[in-house]
Structures are given as structure tokens and as C-alpha cells.
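Asker:
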Amino acid sequence: MSLGISVNPSLCTGCHLCELVCSTYHFNKSSVELSRVIVYKDKASARFTPTLCVSCPGMPCARACPTGAIIENKQTGMPEVLVERCSSCGECVKACPYMAIRFTPSVYAYPLICDLCGGDPQCVKVCWPGALTKATTLSEKFRGAAEARSIIAGMISKYVR
Amino acid sequence: MVYSVNGRILHIDLTNNKVWVEKYGNDLLELFVGSRGIQAKLYWDLVKPEARALSSDNVLFVGSGTFTGTPLPSSGRTTVTFKSPATNMYFKASVGGDFGLKLKLNGYDIVAVHGASEKPVYVYIENDYVDVLPAEKYWGLDVRTTHVELVRKHGLGVDTLLIGPAGENLVKYASINCSVYNVAARGGGGAVLGYKKLKGIVVGNGSRSIILHDPKRFYEKSLKALFNIMKDDALIATAKFGTASATMGLDRTSTLPCYNFRKSFWENAYRNAGEYYVEAGYLVGRAGCAQCIVSCHRHTKTEKYGGVDTVGPEYETSNALGGNIGNSDTDALIKLNDLANIYGLDTISLGGVIAWVMESYERGYLKNLKDELGVEPLWGNVDAAIKLVEYITYRRGTGNLLAEGLAIACKEVGPETCKWAIQSRGLEHSRVETRIARAYALAFALNPRGPDHLHTETFAEFGFTEDARKLVKRLTGSEENAGVGKDAGRPEIVAWHEDIYAVTDSVGLCAFIDTAGFAIDELMLSELFESATGIESTPEKIMRSGERIVTLERMIQVREGRSRKDDTLPWRLLNEEITTRDGKTYTLTETTLNSMLDRYFEIRGWDVMRGLPTPNKLRELKLEFAVEEALRRLQAPVT
């Protein structure tokens, strides 16, 4: 089983290509709102970071789900949303410690969580700047995710009033 | 059904406070490819030749490319089209950033801004919700502050297109800034919006999807383009050192204009070079335009000049406000670039104006500036340059005249000073020595914008890479024609670049990808276009569309009064010689330029004496609507 994807925010150039590739791969159409990677940007300060599921131990998203719609995918080790059980309540989004679940009900009725494209993540393939790479160690992966989280928190406190 | 685009144009009339959507179909897309081409057609239909640039009759178009929003790398560029207050003619500017992507994801390909508002306003677009909102509280604020305030109001994830104080004050070279630091700089589009009292446009996150005709094939081709980009030497250098990685190559080939085009190389050039910004620790990170993994945009910082944290400088800025004004202080360069960013000024014109001020002062003109600025505008005096930026932006004192641009300012100060005012047709010249790089000379003379690079950049002329030399061979028959200081094959090089640029801009691709690097060729362009839109395409057909756009743009300007006599360059470049670092001297005379023009018009199949597309050529290109105008011009005497 792969270790998943590492995020390195300082290398992100905010180009959104990961998002467009993600949605094209999964949905055959391209839109940032259909992507399982989420790019946060503070353009005025030229700070950017992607965030995506790092499959936390204990899966807080699954624990928060009132309908048991999130299970672990045995093949990838990633959380998987069973849409037939999902009530679109958004509890998993609140529970995610890395703000890595996309949920825009007007675009897609269910939460979108990274599935590693079944093992060959397209976003990693296209990220020439190197902000998204295949993780080599778990500690590297969680360090990157935590860094992304603090950058996003900074943006929220700057922009969201 | 249209694919890859929304097929929707959003019209906003600021005079009557009206908003409507116009739909279009594959017929328009097939003929004009996308943003730049379609907007040229809309301009032909909607902007009367007699309309003044700063009036409510001017219509400004902002449009995203046909590939914008798809998974194709580096195709997020946006085209802005308007009548320029600098040249009084049709003008298109190209800009990166996210605005085009977000506009498209909100369901519109193009926004057309008609009329003018009485009070400052901005437009907010979120899918089907479009509103014209008051902007009094943002009027007067710089671009960065306005962006931050608007994101606070409308939420993280929105993007902005804005003008700064320079645009509000109708500076003739005021820019339009997208995503804060991506600038549609040239031609004074900022002043057009300033006149319309439109502070900017805010686009929401956008919840639409781009539907491709054949997503699988398109995605395959996109990945192929991606792998080509990652192994292209020119693009690797651009990714690493930004566009200012060009500085040293131009210095080496004596095509780096310094001291207002009196020198073609400079001992301090390295201070204006992308490699130096990295080496000396100015670079904090990189910033990418939408979809662009090359991400040549620089995030830079300096503690000096009160602390600056900004994006840039690009190559053009590095030279315009660097060697051009004798500035080897990189910290000051970063400061000047940031001021231009936040005030909303075109750095190329700004640098041209400041260099002209410095040369004029040296020659005994504008002596009042010493007292006015409190500092002498001598070569390399960055404090004077910083002061001048403020004076121009706010039209203070002599700045009021300088804000009009070189064509007007030099006449006022003394007609003899026009000899070193490096402008033609009202636009200040881009940063390359056209007496030595001759394809650039021809391209600049023909360019509908004026003497500018980002319309037909014939970078291959330098022959810096093997791919570039191969292209020159393909276009001219011999690899020997690559390199500077040569005239042979220039018309062929220019015509090809004009055509591919028109397509490249229209699909939203960055011209670096197919004309500086060579990651995408005509075949791939046509395959991408076909799989994206479902419109049958071939390399010949797609290049033909490019020719159609170029020809239409010429006809628009013909209708606005342009003729062959306007296909010229600044006085200094046609009348003074330039010395290279090896001590060779070059002159570019009108005779040389004219013989290149003759050959160019011949290749185009245009009327050579008039530089006019012939009625037959127009019919062949399916531009029948312009035939009547061409016939009228053919009957008039040659001027």
C-alpha cells in the first residue's frame, strides 16, 4: 500500500492544474469544484498551498459520519464515501483536521475525498513544481499537511471576517 | 452544442445599467478560434472607427481562451481588447493569472464592457448572478489593497481584475491587473476602465465545468504537452530563473537596450538578471498563472526601501527600469516594480518615459525637475525614478505631462527631444534592440499594438536553442538565418509567428510554450483544438485561422486610418547606429525596413504599396464583411 501524497506548500505556485486534472480524471470534465485536491491562495501575498486527504489514523471523518457512509478502502488505505449511505450533512468536512474534503452541494451532492486515483495519482504526475509528491515517509506527509493547515488558517484569519 | 467554451458573452452597459448574455456557436469558434480572434470580430462589429478611446463609445472586452479551464498546462491566459488611448487604435493585451479561468468557470467566455458610469462602480459575477456595485470606497486605493478588501467582502476563492490610481487618473499607460500581479499592461487599458469609472470586476469561485468534446484524447495530448514542457531547455530555464533569465542572453548578443537605446549591452546587466535574483536571495517562491506548471512569475522580497514583498520583476521590467535607466540597484528595481504593480502602470512605457526624462535632463531639458522632485533625474538615480512614478500616477507637476506618454510629452518639451523618445504610433518600445534583432524590427513595425514584443515575439530569431534553429530553417530554408544582425528570411519568420501567436492567444496558451520553448507544435495545436471543440482541424487549418485573425486586425486598423506609412519604428532606431560588444556597428535604415515590408506584404498576398489586405484575400479568408472597406481604401491614393 502506498503512503499517499505529500504536500510541500512552499513549492506550490497556485496554478490549479492539479485540480483540473483531478476533476477531468474522475468526472471527464474539468472544474475546480469537482476536484479532490483543494488549492488555497492568498494572491496579494503570493502564498499558495494545496491540501488533500492524508488518511489520518483513526479516520476522524468516518467517526464523525452519522450514517456510516465513510469506510476505509482496503486497497488504497484512503477513506471512501459510499454515496448510497451519505446524507450530504457535511459533518465529515467539519471533522477533517486538514480542510481536505471538498463539499459544494450545488455542484456535487457528496463530499469529495482523494482516492489516490486508485494508485496512480494524476496530480502528482502533473505537479512539476513539486508541491505534490508521492510520500516517502509518514512523518514527512503529516508535517507537510500540518504546514498546509497553518497556512490555510492564516489565510482564513486574514480574509474571513 | 459548443464544447470547451461556454458559448456565452456577458455584456455590461454601464451607462444604462443593463446586463445581458449573448450566445454564440461553433461557426464563430471555427473561424476565430477563441478570445483574441472572437473579440477582434466583436470589436469590428461594436466599436466604430470614429469612437474615441476615452469615451463611452469605447467597448472593452476581456476573454478567456478556448483551452482555459481544461487540463492543458499553461493555457490560462486572458485577452483584453479595447481602443487604446495611447495609439487611438484597436489594441489587444494578453494577461496571465486566474481571472480567465474563474470567468469561464462562472459560465462566461468573454465580458464586454459598454458605456461609462457616472460614479465609481465594480462588477460582481457569480454564475448567473451579475451585479454592478458601488465602488466609491475603493476608488483611490492601490491594486493590492483593493484586492484584499474585495476578497474579504466576497470570500476566499474569488479573483479580481482591477485598476489602480494610475487608471483612475487616466494615465495613458495605465494597466489592468488580474489576480493582483498579472498585468494586461500595454496600451492604457487601465485608463479606458478609469474613464468608464469601473474599478474592476470580481469573479466568484465558479461552479461550472468545462466539457470537452473528446476528454480522453484531449487529456492524452495534454499529458504529452506536459512532458514536452518538462524537457524543453528554454522552459526549464524560464521555470528556474523566470523571464529575466533572458537578460544575459540578450546582453551577450548585444540586443539588451540600455541607457535609452544608446547601449546594446551593459557591464551591470547581471543585476537585472533572473539568475541574480535567485543567487542573491531575492526569490522567495514562484507564482503560476492558471494551469501553468512553468510558473515563471517570481515572488520576491527585499528589506530595503521600506520593505517590499511582491511579485516580479519580469524581463521587460528588469530592463525597462534597470539598464534602460542605468539602474543596477536590484532592491530599487524590486521597489519600482512593486509601485508599478500597485499603482497599475505599464513598466515598459514607464521605463521608456523615465529614460527619456533622464536623457533630456542630461541634454539640458526639463531642468525644473531638480527643484520639483528635490533630486536630479540623472542616469541611475533611483530616488528620482521612484519620485517620478508617484508624480506620473497622480499627475503631479510635470508628471501630468509625462502621464500622456512619450509621443505627446516630447512634442511639448521640444520637437528635437522626440528623437530620443523611443516610441512609435504612441506606444513606447519594448526591451529588445531592434536595430540588431531584425525580425523583431519588422514585427514591431507591423504590430497593431505598436513596437511591442507580446504580439509577435520572434524569439527563435536568436537561435539560442536547437529547436529554435530548426524552426528558422523550416521557415526560411537555412539554419544560417538564425542569429542576430541578419535580414534574410525575416518576413517569413514574422508571418509565421504572427499566425501562431494569434492562435496561441485565442486558445489561452502562453506563447512561451510554442514560440520560446517548443513543447507544442501546429499539429498538436490542431489536435488539441479538434478534441476540445469537436471542430475538425488540421495544422494548415489552424494556422489559416491565425492568418484570418491577423488580417482582420489589420483591417480593423485600416478602417481606423492605418496605412503602410504607419509601419515604422522610433526615430532613433532608424537614424542612429548602435555598437555591439565586439565593436561592430549596426544601422537599420528605412530602406532596409521597407524592403522587408515589401516582401512581407508579398507573402501575405496584400497590396504591397498600401499594406492593405486585398478583397480577394479577404474573401479567401472568409472575411467578406471587410471587403467593402478594402475596396474603398484601394481606390484612395497611396499615402
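As given, the protein sequences belong to chains S and G, one line each in that order. When the letters of the first sequence are read in order and numbered with this note's numbering, they come out as residues 5 to 165. When the letters of the second sequence are read in order and numbered with this note's numbering, they come out as residues 26 to 664. Note that beta-carbon positions come from the ideal geometry of N, C-alpha and C, so glycine has one too. Quick caveat: nothing in here was measured; it's all calculated off a predicted structure.
Among all the DSSP beta bridges, which residues are the ones paired with residue 20(S)?
Answerer: Your numbering for residue 20(S) matches position 16 in the first sequence. Note: residue 20(S) sits in no beta bridge, so no partner.
Asker: What would DSSP say about residue 27(G), mapped onto helix, strand or coil?
Answerer: In the second sequence, counting from the first residue as 1, residue 27(G) sits at position 2. If DSSP states are grouped into helix, strand and coil, residue 27(G) belongs with coil.
Asker: Is it true that the CB of residue 114(G) sits closer than 8 Å to the CB of residue 585(G)?
Answerer: Within the second sequence, numbered from 1, the residue matching residue 585(G) stands at position 560. Within the second sequence, numbered from 1, the residue matching residue 114(G) stands at position 89. Going by C-beta atoms, residue 585(G) is nearer than 8 Å to residue 114(G).
Asker: Could you confirm whether any beta carbon from chain G is found closer than 8 Å to the beta carbon of residue 32(S)?
Answerer: Taking the first residue of the first sequence as 1, we reach residue 32(S) at position 28. Chain G, which has a Cβ nearer than 8 Å to the Cβ of residue 32(S), makes this yes.
Asker: Please name the residue or residues paired with residue 290(G) in a DSSP beta bridge.
Answerer: Taking the second sequence and counting its residues from 1, one reaches residue 290(G) at position 265. None; residue 290(G) has no bridge partner.
Asker: Cα separation between residue 129(S) and residue 38(S)?
Answerer: What you label residue 129(S) is simply residue 125 of the first sequence in a count that begins at 1. What you label residue 38(S) is simply residue 34 of the first sequence in a count that begins at 1. Approximately 18 Å between the Cα atoms of the pair.
Asker: Less than 8 Å between CB atoms is the rule here; does residue 324(G) satisfy it with respect to chain S?
Answerer: The residue you call residue 324(G) lines up with position 299 of the second sequence. For residue 324(G), the answer is yes, since a Cβ of chain S falls inside 8 Å of its Cβ.
Asker: I'd like to know whether the C-beta atoms of residue 222(G) and residue 141(G) end up nearer to each other than 8 Å.
Answerer: The residue you call residue 222(G) lines up with position 197 of the second sequence. The residue you call residue 141(G) lines up with position 116 of the second sequence. Contact: yes.
Asker: Which runs of the beta strand (DSSP E) fall wholly inside the segment 195-230 of chain G and span at least 3 residues, in chain order?
Answerer: 201-203, 207-209 and 223-228
Asker: Please compile the residues from chain S whose C-beta is within a distance smaller than 7 Å of the C-beta of residue 244(G).
Answerer: In the second sequence, residue 244(G) corresponds to position 219, counting from 1. 28, listed in chain order.
Asker: Roughly how far, in whole angstroms, is the beta-carbon of residue 90(S) from the beta-carbon of residue 64(S), given that I think they are within contact range, below 8 Å?
Answerer: Within the first sequence, numbered from 1, the residue matching residue 90(S) stands at position 86. Within the first sequence, numbered from 1, the residue matching residue 64(S) stands at position 60. Wrong, their Cβ atoms sit about 16 Å apart, outside the cutoff.
Asker: Using a Cβ cut-off of 7 Å, which residues of the segment 108-125 of chain S contact any Cβ in chain G, in chain order?
Answerer: Listed by position along the chain: 108, 110 and 111.
Asker: Between the Cα of residue 496(G) and the Cα atoms of 519(G), 81(G) and 477(G), which residue gives the shortest distance?
Answerer: Working through the second sequence from its first residue, we reach residue 496(G) at position 471. If we check each option's Cα against that of residue 496(G), 519(G) comes out closest.
Asker: Counting only Cβ-Cβ distances shorter than 7 Å, please list the residues of the segment 124-143 of chain G near chain S, keeping chain order.
Answerer: Taken in chain order, the members of the segment 124-143 of chain G whose beta-carbon sits within less than 7 Å of a beta-carbon on chain S are 126 and 130.
Asker: How far does the beta strand (DSSP E) with residue 310(G) in it reach, from first residue to last?
Answerer: For the purposes of this step, residue 310(G) is taken as residue 285 along the second sequence, with counting starting at 1. For residue 310(G), the uninterrupted beta strand (DSSP E) run begins and ends at 308-312, by DSSP.
Asker: Assuming residue 76(G) and residue 82(G) are in contact, meaning their beta carbons sit under 8 Å apart, how far apart are those beta carbons, in whole angstroms?
Answerer: Here residue 76(G) corresponds to residue number 51 of the second sequence, with the count starting at 1. Here residue 82(G) corresponds to residue number 57 of the second sequence, with the count starting at 1. Correct: roughly 4 Å between the Cβ atoms.
Asker: Does the segment 483-498 of chain G come within contact of the segment 118-126 of chain G, defined as at least 3 CB pairs closer than 8 Å?
Answerer: no
Asker: Can you grab the Cα-Cα spacing for the pair residue 105(G) / residue 594(G), in whole Å?
Answerer: As a first step, residue 105(G) must be located in the second sequence, where it is residue number 80. As a first step, residue 594(G) must be located in the second sequence, where it is residue number 569. Going from the Cα of residue 105(G) to the Cα of residue 594(G) covers about 24 Å.
Asker: Run through the DSSP bridge pairs and tell me what residue 334(G) is partnered with.
Answerer: Taking the first residue of the second sequence as position 1, residue 334(G) is located at position 309. BP columns for residue 334(G) point to 326(G).
Asker: Tell me whether residue 154(G) is buried or exposed, calling it buried when 16 or more other Cβ atoms sit within 10 Å of its Cβ.
Answerer: Numbered from 1 along the second sequence, position 129 holds the residue referred to as residue 154(G). With fewer than 16 other Cβ atoms within 10 Å, it is exposed.
Asker: At 9 Å on the CB atoms, spell out the chain S contacts of residue 255(G), in chain order.
Answerer: Residue mapping note: residue 255(G) aligns to position 230 of the second sequence, counting from 1. Chain S residues near residue 255(G): 132.
Asker: At what residues does the alpha helix (DSSP H) containing residue 62(G) begin and finish?
Answerer: Walking along the second sequence from the start, residue 62(G) turns up at place 37. Counting along the chain, the alpha helix (DSSP H) containing residue 62(G) begins and ends at 60-71.
Asker: So which residues of chain S does residue 613(G) contact, with C-beta pairs closer than 9 Å?
Answerer: Along the second sequence, one-based indexing puts residue 613(G) at 588. By Cβ distance, chain S contributes nothing, its closest Cβ being about 39 Å from residue 613(G), past 9 Å.
Asker: Applying a beta-carbon distance threshold of less than 9 Å, which residues of chain G neighbour residue 103(S)?
Answerer: Walking along the first sequence from the start, residue 103(S) turns up at place 99. Residues of chain G passing the Cβ test: none, with the nearest at roughly 11 Å.
Asker: Rounded to whole angstroms, what is the Cα-Cα separation between residue 418(G) and residue 145(S)?
Answerer: On the second sequence, residue 418(G) is found 393 positions in, with the first residue counted as 1. On the first sequence, residue 145(S) is found 141 positions in, with the first residue counted as 1. Cα to Cα, residue 418(G) sits roughly 48 Å from residue 145(S).
Asker: Quick one: grab the DSSP three-state call for residue 110(G).
Answerer: Counted from its first residue, the second sequence places residue 110(G) at position 85. Coil, per DSSP.
Asker: For the candidate residues 56(S), 74(S) and 164(S), whose alpha-carbon lies nearest to that of residue 148(S)?
Answerer: Here residue 148(S) is taken as the residue at index 144 of the first sequence, counted from 1. If we check each option's Cα against that of residue 148(S), 56(S) comes out closest.
Asker: Tell me, please, whether the CB atom of residue 24(S) is closer than 8 Å to any CB atom in chain G?
Answerer: Within the first sequence, numbered from 1, the residue matching residue 24(S) stands at position 20. Yes, because at least one Cβ of chain G sits closer than 8 Å to the Cβ of residue 24(S).
Asker: Is residue 101(G) closer than 8 Å to residue 316(G) when the C-beta atoms are compared?
Answerer: In the second sequence, counting from the first residue as 1, residue 316(G) sits at position 291. In the second sequence, counting from the first residue as 1, residue 101(G) sits at position 76. Yes; because the gap between Cβ atoms is below 8 Å, this pair is in contact.
Asker: Using the C-alpha atoms, what's the distance from residue 83(S) back to residue 92(S)?
Answerer: Position 88 of the first sequence, counting from 1, holds the residue named residue 92(S). Position 79 of the first sequence, counting from 1, holds the residue named residue 83(S). So the alpha carbons of these two residues sit roughly 16 Å apart.
Asker: Looking at the unbroken alpha helix (DSSP H) that takes in residue 127(G), where does it start and where does it end?
Answerer: Counting from 1 along the second sequence, the entry for residue 127(G) is found at position 102. From DSSP, the alpha helix (DSSP H) with residue 127(G) extends over 124-130.
Asker: In whole angstroms, what is the alpha-carbon distance linking residue 36(G) and residue 47(G)?
Answerer: Along the second sequence, read from residue 1 onward, the residue named residue 36(G) stands at position 11. Along the second sequence, read from residue 1 onward, the residue named residue 47(G) stands at position 22. Cα-Cα distance, rounded: 7 Å.
Asker: With DSSP collapsed to three states, give me the class of residue 116(G).
Answerer: Counted from its first residue, the second sequence places residue 116(G) at position 91. Strand.
Asker: Identify which residue in 464(G), 288(G), 490(G) and 152(G) has its Cα closest to the Cα of residue 608(G).
Answerer: Locating residue 608(G) in the second sequence gives position 583, where the first residue counts as 1. With distances taken between Cα atoms, residue 608(G) lies closest to 288(G).
Asker: Using a Cβ-Cβ cut-off of less than 9 Å, give me the residues of the segment 368-399 of chain G that come near chain S, in sequence order.
Answerer: none
Asker: Along the alpha helix (DSSP H) that carries residue 43(G), what are the first and last residues, could you check?
Answerer: The residue you call residue 43(G) lines up with position 18 of the second sequence. Here residue 43(G) belongs to no alpha helix (DSSP H); instead the beta strand (DSSP E) covers 43-48.
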